[in-house]
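In what follows, a single structure is set out as C-alpha cells and then discussed.
Residue numbers (the working numbering), protein chains in the order written: chain A, 176 to 502; chain D, 176 to 502.
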C-alpha cells in the first residue's frame with residue numbers, strides 16, 4: 176500500500192514535490208490543489224489538478240498534504256487550517272516566527288488528531304538537525320552555519336525593486352578564510368562581513384544610471400550594507416544563459432573539545448551542494464510526509480519539527496533492514 | 176535534577192565517558208564499576224570505584240549505565256544482562272552481529288521496562304544516521320563511507336602479532352581521488368583498493384628480518400592484501416613521540432539526482448575529524464544516555480538504536496529552546 180500525497184500550491188516547490196514523489200516506491204501523488212484555474216495549470220506528470228476551495232471533498236483520499244506555499248503570507252494561515260483535516264508538512268522558514276507558527280499549528284493538529292510537520296527542508300531542516308546533534312555531542316564548542324554558494328531569492332528580489340533594474344540574480348558566497356579558520360578548530364569570532372560575500376548580476380534598463388544602481392545595492396541596509404558586495408552588469412541574454420539555475424547549499428560546522436582538560440579537538444562538518452534549492456527542499460518534504468503518515472498511524476498527533484521525529488520514520492526500509500544495512 | 180550515570184568498564188572509552196559527563200550540566204557521574212580490584216583503579220576525577228559484582232546493590236542510585244566493554248566478548252553478554260536492571264547504553268560495533276545483539280537486548284529491556292541503546296558512537300552511530308537521512312532524502316543516488324585518516328586498532332593489533340614486531344600503529348587513509356570523484360556527483364564504482372590506503376609504522380626487534388615483516392604485512396588476507404599498503408620501520412621512541420594519539424574520522428557522502436528527468440544533482444557530505452576516537456565515541460554515548468533516561472521517563476522501553484531516537488531527546492535544551500535557537 177502506498178502513501179497518497181497531495182500538493183497544495185504549485186510553484187517551484189510544488190513541482191519539486193511532484194517529481195520527488197515519483198522517485199519513491201511507497202509514495203503516490205494523488206493530485207495538485209491550486210488557487211488558479213485548474214484547467215490553466217500544466218503539470219509535469221499529468222496528474223489531476225483541483226481547485227483548492229474543494230479540497231475537503233478529497234479528505235478521505237489523501238494521507239498527507241504537502242503545503243507548498245510561501246512563509247510570508249500563505250503558510251501562517253494554510254498550515255493551521257489544513258492541519259484540522261489532514262496530516263500536513265510545510266517548509267515554513269521564517270526562523271523568528273517558528274515558535275508562534277508551532278503553537279498555532281500544534282493546537283489545530285492536536286484537536287484533529289493529525290500530525291503536522293513544520294519547517295522541514297534544509298535550513299530550517301537538515302542544517303537544524305546537524306546543529307542539534309553536534310551541540311549535544313560536543314557541548315564544549317562552537318557551531319557555525321555558512322550558506323552558499325547559492326542564489327538568495329530575497330536578495331535578488333531586493334535588487335529588482337531598485338529603479339532602473341530589469342532583472343537580477345544574487346549569490347551568497349561563504350568566505351574560504353572563515354571556513355578554514357572554523358575547520359582548524361580555532362573557534363574564531365567572525366563578523367557578518369567575514370563569513371559571507373555577496374555577488375550580484377544585474378540587468379539595467381537602457382540609459383539607467385549604473386553607478387547609482389550599484390551604490391543603492393551595496394549600501395542597502397540589512398541586505399548588503401554589512402557585506403562585501405560585488406556588482407556585475409550583464410545583458411538579459413547573459414542572465415538567462417548563465418544564471419537560470421537555483422543552486423544553493425552551505426555548511427554546518429561544530430568544533431569542540433573533549434578530555435578531562437579539554438585537550439582534544441574534534442570537528443563535525445555537514446555540507447550540502449545543491450543544483451536545485453527547491454527540488455532538494457521538496458525531497459526533504461516527501462521524506463517527512465512519509466514520517467507524518469507513519470507517526471499518525473502509530474497514534475501520534477500534534478505539531479512536530481525535525482527535532483521530534485525519530486530518523487527511522489523517514490526511511491522506506493523496515494527497522495530490521497535499517498539495522499542490517501545502514502547501521 | 177541531574178541524570179546519574181554509572182560506567183561499567185574503565186578503559187579508554189570509560190575514561191572518555193568520565194570526562195564527558197563533566198562537560199554536561201545535567202549529568203552526574205555516580206561511579207565506576209570494574210572487574211579489577213577497585214582499590215587499584217586510579218580515576219581521572221577521583222569518583223568512587225566499585226567491584227562490578229556488586230552493581231545491583233546500587234540499582235536505585237543509577238539512572239543510566241554506560242557499558243564500556245569490548246564488542247567481541249563483553250557487550251554480547253553484558254548489555255542484555257544489565258538491561259534487566261538498568262537503562263543502558265553501549266557502543267557495540269560488530270556490524271554483522273547487530274541484528275542478533277538487538278534481539279537479545281530487546282527481549283531483556285522489554286521485560287524489565289528499561290531503555291537499552293545499542294551501537295551508539297560514530298560508526299555505527301552518527302555515520303549510520305547520515306546514511307539513513309541522506310538515502311531517505313535522495314532515494315535516486317549512491318552512498319559512500321570513507322574512514323580516516325585515523326588509527327585502526329584492529330589493524331595495528333594484527334601487525335603486532337607478526338614475529339619480530341615489538342609495536343605498530345596502522346593508519347587508514349581515504350584516497351583523495353576517490354573522495355573527489357564521489358563529490359563530483361559521478362557516482363563512481365570504487366574497489367576496496369581505490370577507496371583507502373593503509374600506512375603502517377612498525378617497531379622491529381633487533382635483528383628481525385624487516386623484509387619478511389613487510390611482506391607478511393602487505394600480503395595479510397582481509398587486513399592488507401586488498402589495499403595499497405606502505406610500511407615504515409621506526410624506533411620505539413619515534414612511535415611513542417609521533418604516534419601516541421588515537422585520531423580518527425571519515426566521511427559519509429551521498430550523491431543523488433532529482434527532477435522529473437533526474438537533471439539536478441545534489442551532494443550531501445558529513446565528515447568527522449577527531450583528535451581522539453574513544454573520547455568522541457564517549458561523548459556520543461553520554462548524549463544517548465540522556466536520551467535513554469528521558470525516553471524511559473516518557474514510558475518507553477526496549478532496545479533502541481540511533482535510528483529510533485528523536486533528536487530532541489539528545490539535547491539538554493527544552494523543545495521551546497530548540498525551536499527558538501537551533502531550528
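For each residue, glycine too, the CB sits at the ideal point set by N, CA and C.
Could you tell me which chain A residues have their CB closer than 8 Å to the CB of residue 246/D, listed as they occur along the chain?
The contacting residues do not exist; residue 246/D stays about 13 Å from chain A at best.
Relative to the C-alpha of residue 243/A, which residue among 279/A, 273/A, 393/A and 254/A is closest?
Here the closest residue by C-alpha is 254/A.
Does DSSP put residue 436/D in a helix, a strand or coil?
Three-state DSSP puts residue 436/D in coil, outside helix and strand.
Measure the Cβ-Cβ separation of residue 376/A and residue 414/A and say whether it is below 8 Å.
yes
For residue 299/D, return the contacting residues in chain A, with the cut-off set at a CB-CB distance below 7 Å.
Residue 299/D reaches chain A at 502, counting residues in chain order whose Cβ is nearer than 7 Å.
To which residues of the same chain is residue 424/A closer than 6 Å at the C-beta, ignoring the five residues directly before and after it?
325, 447, 448 and 449
Would a check of beta-carbon distances place residue 241/D closer than 8 Å to chain A?
Not an interface residue.
Quick check: what's the CA-CA separation for residue 279/D versus residue 259/D?
If you draw a straight line from the Cα of residue 279/D to the Cα of residue 259/D, it comes to about 11 Å.
Restricting to Cα atoms, I'd like to know which of 488/D, 480/D and 485/D is closest to residue 296/D.
480/D
Which class does residue 397/D belong to by DSSP, given the choice of helix, strand or coil?
coil
Determine whether the Cβ of residue 349/A lies closer than 8 Å to any Cβ atom of chain D.
no
Have a look at the DSSP bridge pairing and note the partners of residue 423/D.
449/D
Considering only the beta carbon of each residue, do residue 397/D and residue 262/D sit closer than 8 Å?
no
Taking 8 Å as the threshold (beta carbon to beta carbon), is residue 439/A in contact with chain D?
At least one chain D Cβ lies under 8 Å of residue 439/A.
Of all the residues that make up the region 434–465 of chain D, which are near chain A by a beta-carbon distance shorter than 7 Å?
So the list reads 434, 435, 439, 440, 441, 442, 443, 444, 445, 446, 447, 448, 449, 450, 451, 454, 455, 458, 459 and 462, given in the order they occur along the chain.
Using a Cβ-Cβ distance under 8 Å, would residue 223/A count as near chain D?
no
Does the beta carbon of residue 198/A sit closer than 8 Å to a beta carbon anywhere in chain D?
Yes, contact with chain D.
DSSP three-state call for residue 346/A: helix, strand or coil?
strand
Expressed to the nearest angstrom, what Euclidean distance is found between the alpha-carbon atoms of residue 180/A and residue 205/A?
6 Å
Quick one: measure Cβ to Cβ for residue 209/A and residue 245/A, integer angstroms, because I've assumed they're closer than 8 Å.
That pair is no contact at about 14 Å.
Where residue 198/A and residue 196/D are concerned, what is the direct C-alpha to C-alpha distance, given to the nearest angstrom?
43 Å
Check for me: the beta strand (DSSP E) holding residue 408/A runs from which residue to which?
403–408
Could you tell me which residues DSSP puts in a beta bridge with residue 202/D?
Answer by DSSP bridge pairing, in chain order: 178/D.
Is the distance from the Cβ of residue 310/A to the Cβ of residue 303/A below 8 Å?
No.
Tell me, to the nearest whole angstrom, how far the beta carbon of residue 465/D is from that of residue 201/D; I am working on the premise that it is less than 8 Å.
7 Å
DSSP three-state call for residue 472/D: helix, strand or coil?
Reduced to three states, the DSSP call for residue 472/D is helix.
Can you tell me the Cα-Cα spacing of residue 308/A and residue 388/A, whole angstroms?
CA-to-CA, the gap between residue 308/A and residue 388/A works out to about 43 Å.
Helix, strand or coil for residue 243/A, going by three-state DSSP, please let me know.
In the structure shown, residue 243/A sits in coil (DSSP, three-state: anything other than H, G, I, E or B).
Starting from residue 373/D, follow its DSSP beta bridges and name the residues at the other end.
Residue 373/D is bridged by DSSP to 347/D and 404/D.
Should the region 320–337 of chain D be called in touch with the region 345–359 of chain D, which here means at least 3 C-beta pairs below 8 Å?
yes
Measuring CA to CA, which of 300/A, 236/A, 435/A and 251/A is closest to residue 178/A?
236/A
What does the alpha-carbon distance come out to for the pair residue 374/D and residue 358/A?
24 Å
Taking only runs that begin and end inside the region 243–318 of chain D, name each unbroken alpha helix (DSSP H) of 4 or more residues, in chain order.
Those alpha helix (DSSP H) runs which fall completely within the region 243–318 of chain D and span 4+ residues are 250–257, 273–287 and 301–312.
With DSSP collapsed to three states, give me the class of residue 479/D.
strand
Taking Cβ-Cβ distances shorter than 8 Å, what residues in chain A pair up with residue 310/D?
490 and 501
Quick check: is any heavy atom of the ligand ZN less than 7 Å from the C-beta of residue 308/A?
Among the components modelled here there is no ligand, and therefore nothing to report on the ligand ZN.
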